[in-house]
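I have placed the structure first, in the form of structure tokens, so that the comments after it can refer back to it.
In UniProt numbering, the protein residues as written are 1 to 661.
What follows is the structure in structure tokens.
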């Protein structure tokens, strides 16, 4: 300290006598507190004296004072002028700063060619910052032609002289093979030097190396430590990565609140990946209160910044009205951007839009093409949808073998919908050999993964012993899961189990409740069954008008049993005005659809002229169909027809055979 004070006094004496070098040195003393107290105003004053006297180092430092407002008012034009004087005096540091001014339009008009020229002078003069900046120019074609090899060479010079930015950039070159053969071990070594020197970008990339095992052994704890250093140093990418590590408990204890805090810092700093992840935190309430409007806000920023994941999620917000007004056209546009950027989930959803005409004109060929891209890119939802397209010939010729193959890929990727469809393929020999055991296995995977259709189909397997031992209790349990998940077919089946005491205690009230859920959900079998409940007072008060209404819904949905029951209501005036013509019409629909009771009732209409002209031959034909399908009433009627030669010739042998079957 005594030495510094003596040094300061010596500088001060010479400086006051007009020595421009010592004026520069006394400015440094005041700037760094060497032998005296820090005093920015005096820093400026002494650099000004030195600069006016022609000292190129004083001129450079005076430029810095004006650029950053050290001891004076910030003035970028004056900063530029002093950097220019210093640079023209061959100060390599001043030349680098002058290049920076031209590159960024500080105190002058932006001019990349001049920036390049001054960086070149600085670099050739041995300035390691200038060498790094010259490398940037060659790498990205700033003021010159792109030349990756020259970029590498200048980064190398800068790095070897100890410049932490040059070391970082040299690491990038080795990692990605920029201007030099790719060498991940060397990349790691240079990132390590840069990181240890305090470069926040090098620290983040060193974290990447440890996370993914680039040029070194994977070490999640070390990755965490370097991301932490980078993040605390203000690097927005490091902050995003740190948030991810906290959110998933990688290399540290899981802490969703800290994850949120770091994503917030990253997002506010402008990192598009941080903005995307912050949006997810707000959407799902991760480490913070759920707020869909804020989720939308951050997805929008991320999407506008070009992040394909942000674009995908913004599309979902517009499609489903999450945090904003529903707008399918905007949803389509953002899915398109995401898809064109290579996001496989966006490609799948874009395919969905084209397939269903969401926000755009329906186009099954385009739907197929985008599903194909998504599937080939590895998206399990895209693979499922591509399988579906091949199975049903949507946008492409039907091809069940390809359908099976894509369902298999999706299923192996743990897509529960794909697993259910694969089970269906094995069950019904679609694109593969029938195999009930494999069908059961895939239905089981799908069901255990939470797919309500898989749960229903697994229940069906246990119910009828398909690919496994029959087990009505397990069948009931899986139908229950499916029903509780909202599967209307499962709800109808559960009602049936409660009504008949299969795998559970008989309970007509529960039977009614589940049939009602199924019916309200649009299942035509559930609508028929709830009609039965109201007609006969099963689990509820008898109400023939409601019975009629539900039979009508079921019948209009083409349920042949419901059509027969609706005909019965019109025939007998149950819950509606008696109308034999309508009764005949609904019996006809039911019979044409293959319902044996509808066939029998249609035969009776023709036999007795109910709602139509009497026609004994048609009566015979419909009773015959009914009998051949197993209707007891149809068989007895057929006996009557043969015995009395109604609509047919008397045939005692035939009469005998029919009544014995």
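All residues carry an ideal CB built from backbone N, CA and C; glycine is no exception. All figures in this text were calculated on a predicted structure; none of them were measured in a lab.
query	result
Rounded C-beta distance between residue 456 and residue 490? I'm assuming under 8 Å.	4 Å
Alpha carbon to alpha carbon, how far is residue 198 from residue 304?	32 Å
Going by the CB atoms, is the gap between residue 335 and residue 315 shorter than 7 Å?	yes
Quick one: Cα of residue 554 to Cα of residue 407, how far?	32 Å
Could you tell me which whole alpha helix (DSSP H) segments of length 4 or greater appear in the segment 187-215?	200-212
Out of curiosity, what's the CA-to-CA distance linking residue 244 and residue 170?	27 Å
Can you name the start and end residues of the alpha helix (DSSP H) that residue 235 belongs to?	Per DSSP, residue 235 belongs to no alpha helix (DSSP H) and is neither H nor E.
When you compare the CB of residue 545 with every CB in chain C, is at least one pair closer than 7 Å?	Here there is only one protein chain, and chain C is not present.
Go through the segment 93-168 residue by residue and report every complete run of the alpha helix (DSSP H) that reaches 4 residues or more, in order.	112-124, 128-140 and 148-160
May I ask you to report which of helix, strand or coil DSSP gives residue 4?	helix
Quick check: the Cα distance between residue 106 and residue 77, rounded to an integer number of angstroms?	7 Å
Please return the same chain residues whose Cβ sits closer than 7 Å to the Cβ of residue 222, not counting the five positions on each side in sequence.	210
Quick check on residue 592: does DSSP put it in helix, strand or coil?	helix
For residue 384, is the classification buried or exposed, using 16 other Cβ atoms within 10 angstroms of its Cβ as the cut-off for buried?	buried
Residue 202 and residue 194 - do their beta-carbons sit closer together than 7 Å?	yes
Judging by CA-CA distance, which residue of 181, 179, 175 and 101 is the nearest neighbour of residue 190?	175
With DSSP collapsed to three states, give me the class of residue 435.	coil
Report the residue from 113, 354 and 416 whose alpha carbon sits nearest the alpha carbon of residue 370.	354
Looking at C-alpha atoms only, which residue of 619, 556 and 579 is the closest neighbour of residue 593?	556
My guess is that residue 59 and residue 89 are in contact by the Cβ rule of under 8 Å, so how many angstroms apart are they, rounded?	7 Å
Can you tell me which of 66, 488, 151 and 477 puts its alpha carbon nearest to the alpha carbon of residue 504?	477
According to the Cβ coordinates, are residue 569 and residue 584 closer than 7 Å?	no
Assuming residue 322 and residue 283 are in contact, meaning their beta carbons sit under 8 Å apart, how far apart are those beta carbons, in whole angstroms?	7 Å
Tell me which residue opens and which closes the alpha helix (DSSP H) that residue 402 is part of.	400-412
Given a cut-off of 7 Å, decide if residue 8 and residue 36 are closer than it, judged by their beta-carbon atoms.	yes
What's the gap between the Cα of residue 387 and the Cα of residue 268?	42 Å
Would DSSP call residue 21 helix, strand or coil?	helix
Could you tell me whether the Cβ atoms of residue 452 and residue 482 are closer together than 7 Å?	yes
Which of the three DSSP states is assigned to residue 289 in this structure?	coil
Can you tell which of 251, 82 and 231 has the C-alpha that lies nearest to the C-alpha of residue 264?	231
For residue 664, I'd like the list of residues in its chain whose CB is within less than 7 Å of its CB, leaving aside the five on either flank, ordered along the chain.	The displayed coordinates of the chain run from 1 to 661. Any statement about residue 664 would go beyond what the structure contains.
Can you check which of these residues, 312, 448, 132 and 611, is closest to residue 155 by C-alpha distance?	132
For residue 259 versus residue 276, is the C-beta spacing smaller than 7 Å?	no
According to DSSP, simplified to helix, strand and coil, what is residue 427?	helix
Sorted by chain position, which residues of the same chain lie with C-beta nearer than 7 Å to residue 44's C-beta, five sequence neighbours on each side aside?	65, 70, 71 and 72
With DSSP as the reference, label residue 302 as helix, strand or coil.	helix
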